[in-house]
Ligand code: EPZ
């Protein structure tokens with residue numbers, strides 16, 4: 009094995025060892041396979057036989073990256089909050105555990121979460137749980153607003169990059185919060201003051217942390233260079249329904265007028281644009297006619313533009329008061345360059361499935377991943393299926409197609425990279441096994457069941 013890929017594989021293994029250790033699972037390393045035989049919970053896998061045309065409709069859930077912030081935000085209202093259309097995925101279940109660790113009483117059934125925040129007593133969430141979930145970082149802003157203090161440890165990096173939290177700490181410093189650090193633990197204290205906050209970069213969760221921290225600060229807080237993702241607008245819509253006074257969310261300048269208290273409400277999460285884009289690309293890659301929704305087309309404007317430029321055609325239609333999109337059969341797509349940007353640019357979370365799709369389109373294109381420095385981990389696995397991809401540097405790759413992919417035994421390393429591997433397996437000749445699909449389950453609800461519903465030959469093996 010080349011030194012570079014050996015180093016990469018070892019890096020992945022350290023991540024997996026941490027994950028297994030967190031779950032106190034005995035780790036056994038199988039040198040013959042140079043991989044893990046983990047005991048305790050099974051490292052589940054997908055078995056997919058490719059070259060199947062898909063057909064039918066896939067019903068999508070609420071946006072993971074909206075729900076992961078709206079659940080913690082619910083602790084700001086004393087009482088019982090109800091949130092509908094919550095995806096049943098591992099990251100949501102971890103968030104619920106974290107909120108329960110500070111005393112919230114929560115039920116989760118049929119994609120509805122009910123949170124009673126009146127029983128919350130602590131501002132110190134369980135560190136082992138927090139460590140495992142980067143998205144829980146917005147809990148700091150909510151705890152600072154509610155209690156005026158929060159203790160937190162540096163969330164782990166993951167396979168898409170270092171994931172530092174300097175932008176978040178900078179936001180809290182600008183709001184007059186005192187931050188003490190001991191090793192990788194941060195003790196934050198002081199009620200956030202209404203301030204003019206200028207973000208160091210257009211960080212999604214740092215923007216959300218600034219909003220959450222300021223809802224009770226007396227006076228006006230202005231956030232400049234704010235991220236504008238639709239999930240931030242959904243968080244603001246939820247907080248405003250509770251009585252907050254937030255304007256400009258979804259733009260790069262957000263104003264928050266502090267209020268005294270917030271009241272519990274009922275809210276439904278917006279559709280998941282990344283899940284929608286993923287299934288749309290599954291449909292195009294397999295040259296199938298499938299229906300995907302509910303969607304909000306304007307949240308995917310540039311994704312549709314890129315795919316239409318590649319020769320894809322879509323129908324949009326209403327059903328049950330919601331909007332759906334249908335992928336049309338095509339006579340071969342042409343490769344299109346793609347650069348990931350903050351919203352409304354091409355979403356970094358669709359870069360991996362898009363790159364996998366470009367192995368099936370005619371020509372060569374460049375994919376420029378401007379947001380994360382480690383988001384090409386899935387490429388190694390695609391190359392084991394004969395994909396013609398050349399990684400130029402941590403931010404740029406060239407992919408040529410169309411290539412007839414060949415089945416293999418591969419491993420998913422992160423949520424969206426896992427989706428890219430599923431796309432490749434759906435078009436590959438033969439039967440592919442994808443290991444460690446917990447990563448996929450973190451961000452996609454029952455992907456196997458949904459694909460089976462579309463006629464794919466996919467089996468989950470625990
Ligand atoms: C959110 O992560 C999403 N996660 C990510 O989705 C998404 O890829 C990302 O935004 C970009 O859109 C959630 O909302 C839970 P950032 P976030 O802060 O907020 C650097 C998925 O697959 N940065 O906008 O953590 C950072 O390293 C996930 O659903 C700092 O340097 O991303 C990255 O290079 C993956 N310091 C860039 O900024 C900081 O303090 C953008 O990150 C924070 C971020």
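In the working numbering, the protein residues as written are 9 to 470. All residues carry an ideal CB built from backbone N, CA and C; glycine is no exception. All of these numbers come straight from a predicted model, not from anything done at the bench.
Asked                                                                                                                        : Found
Nearest-angstrom Cα separation, counted from residue 294 out to residue 463                                                  : 11 Å
Candidates 465, 91, 116 and 307, of which the one nearest residue 236 by Cα                                                  : 307
Sub-8 Å separation of residue 218 and residue 228 beta-carbons                                                               : no
Buried versus exposed, by CB contacts within 10 Å (16 or more), residue 193                                                  : exposed
Within-8 Å CB hit, residue 225 to chain D                                                                                    : Absent from the structure is chain D; it holds one protein chain and no more.
Cα-Cα separation between residue 364 and residue 286, rounded to whole angstroms                                             : 11 Å
Nearest neighbour of residue 240, chosen from 442, 89 and 350 [CA to CA]                                                     : 350
Backbone CA spacing between residue 455 and residue 290 [nearest angstrom]                                                   : 11 Å
Span of the beta strand (DSSP E) around residue 401                                                                          : 396-401
Endpoints, beta strand (DSSP E) assigned at residue 117                                                                      : 113-117
Local Cβ density within 10 Å of residue 470, reported as buried at 16 or more and exposed below that                         : exposed
Nonlocal neighbours in the same chain, by C-beta distance under 7 Å from residue 214, ignoring five residues either side     : 175, 176, 179 and 207
Cβ separation of residue 247 and residue 223, assumed to be a contact under 8 Å, to the nearest whole Å                      : 6 Å
Simplified DSSP assignment, three categories, for residue 51                                                                 : coil
Straight-line Cα distance separating residue 302 from residue 199                                                            : 40 Å
Nearest neighbour of residue 242, chosen from 314, 55 and 275 [CA to CA]                                                     : 275
Residues near residue 64 by beta carbon distance below 8 Å, same chain, minus five either side                               : 298, 299, 461, 462 and 463
Residues of its chain near residue 189, where Cβ-Cβ distance is below 8 Å and the 5 sequence neighbours each way are ignored : 195
heavy atom of the ligand EPZ below 7 Å from residue 451 C-beta                                                               : yes
Cβ-Cβ distance between residue 367 and residue 390 below 8 Å                                                                 : yes
Three-state class that DSSP yields for residue 187 in the structure shown                                                    : strand
Contacting residues, own chain, Cβ-Cβ under 8 Å from residue 201 (five flanking each side not counted)                       : 183, 184, 225 and 227
Proximity test, residue 404 beta-carbon vs the ligand EPZ heavy atom, cut-off 7 Å                                            : no
Short Cβ contact (8 Å threshold) for residue 334 with residue 304                                                            : no
Same chain, Cβ closer than 6 Å to residue 129, five either side skipped, listed in chain order                               : 111
Residue nearest to residue 79 in terms of C-alpha spacing, selected from 54, 140 and 145                                     : 145
Rounded distance between the beta-carbons of residue 428 and residue 360, thought under 8 Å                                  : 4 Å
Nonlocal neighbours in the same chain, by C-beta distance under 7 Å from residue 468, ignoring five residues either side     : 52, 54 and 456
Bridge-paired residues (DSSP) for residue 157                                                                                : 197
Heavy atom of the ligand EPZ within 7 Å of residue 127 beta-carbon                                                           : no
Whether residue 379 touches residue 420 by CB criterion (8 Å)                                                                : no
Contact check, residue 58 vs residue 342, beta carbons under 8 Å                                                             : no
Unbroken stretches of the beta strand (DSSP E), 3 residues or longer, contained in the region 280-367                        : 297-301, 322-327, 330-335 and 346-348
Cα-Cα separation between residue 430 and residue 442, rounded to whole angstroms                                             : 8 Å
Beta-carbon spacing of residue 418, residue 393 below 8 Å                                                                    : yes
Distance CB(residue 95)-CB(residue 72) smaller than 8 Å                                                                      : yes
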